[in-house]
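For what it's worth, this note's numbering labels the leading residue of the sequence shown as 62, then goes sequentially. Glycine included, C-beta positions come from ideal geometry on N, C-alpha and C. The block underneath contains the structure these notes are about, expressed in structure tokens.
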Amino acid sequence: MEAEQQLYAWVLVKIGGVEPDEAHRRSVARFHYEPMDKRGLMTHAGAWRIAMADLFGNHTRQPEEFGLAAEYEAEVRRLFHRDV
62 MEAEQQLYAW VLVKIGGVEP DEAHRRSVAR FHYEPMDKRG LMTHAGAWRI
112 AMADLFGNHT RQPEEFGLAA EYEAEVRRLF HRDV
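Shown next as structure tokens:
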């Protein structure tokens, strides 16, 4: 859950221009703890789609459109693949 919160906040800051403290507050509110059987699996793609929907009303935009493909992939690796 923490990785999803961090990635969601990263997107809000990088793309939405949201201040880091506000992005963190929003991420905690958006990704509050729920048992796995209630929330299901969450992935970096889910965090991206939810951030896009919150910022733009849809989730169809991609990191490449913002010139952030490499930076986004690095952030995903850092947050979701820590043991690799």
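- For V89, the enclosing alpha helix (DSSP H) begins and ends at 81-91.
- In the DSSP assignment, Q67 falls within the alpha helix (DSSP H) that extends over 63-75.
- In the three-state scheme derived from DSSP, where H, G and I count as helix and E and B as strand, G118 is classed as coil.
- Counting along the chain, no alpha helix (DSSP H) covers F127, and no H or E run does either.
- Counting the other Cβ atoms within 10 Å of the Cβ of Q66 gives 16 or more, which makes it buried.
- Taking all protein chains in view, the Cβ of A130 is surrounded by fewer than 16 other Cβ atoms within 10 Å, so the residue is classified as exposed.
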